[in-house]
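These notes concern the structure reproduced below.
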Amino acid sequence: MKLLMSLVAGLVFGLGLIVSGMANPSKVLGFLDLAGNWDPSLAFVMGGALLVGSLAFPFANKWQRSLLGEAIHLPTATKIDRRLVLGGLTFGVGWGLAGYCPGPALVSLAQGGAKPLLFFVAMIAGMLVFELLERISVNRKRKPHAI
């Protein structure tokens, strides 16, 4: 049942990305082009997501388990630090250059074409580089410094 519900949720999410235009990089780039021919329609999509989130999070904070019995893991970080800012900037630059973010990239990848495939490969490479740098950083912190 959990697998079926996960599949249904993924299909509904993907369909929502297609219907809203979020899987169309030219629509996204039009939204991000504030100085040119700006397309404000995605602001309504984002506003709808904020509305749903603002209604759902107060309930999620009170629940220990989802409706399907899975544990709910909400973010615990509350500080704006260098990693958050650099991650947001990296995400924003990638989104602005390509017109894709991870979810819409997967939807576009399923629709076919070279551009989403190239973005997907670059996204996976970026994730692998991040993991490698994280492991190097953790290992440096664990090793005692020689005197």
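Going by this note's numbering, the sequence shown opens with residue 5, and the numbers climb by one from there. Where a beta carbon is used, it is the ideal one built from N, C-alpha and C, also for glycine. Note that this is a predicted model, so its numbers are computed, not measured.
Check                                                                                                                   : Outcome
The stretch 80-99 in contact with the stretch 44-62 per 3-pair CB rule at 8 Å                                           : no
Nonlocal neighbours in the same chain, by C-beta distance under 6 Å from residue 29, ignoring five residues either side : 103, 104
Burial state of residue 114 (16 or more Cβ within 10 Å)                                                                 : exposed
C-alpha gap between residue 53 and residue 45, whole angstroms                                                          : 13 Å
Residue 114 (DSSP reduced to helix, strand or coil)                                                                     : helix
Buried versus exposed, by CB contacts within 10 Å (16 or more), residue 10                                              : exposed
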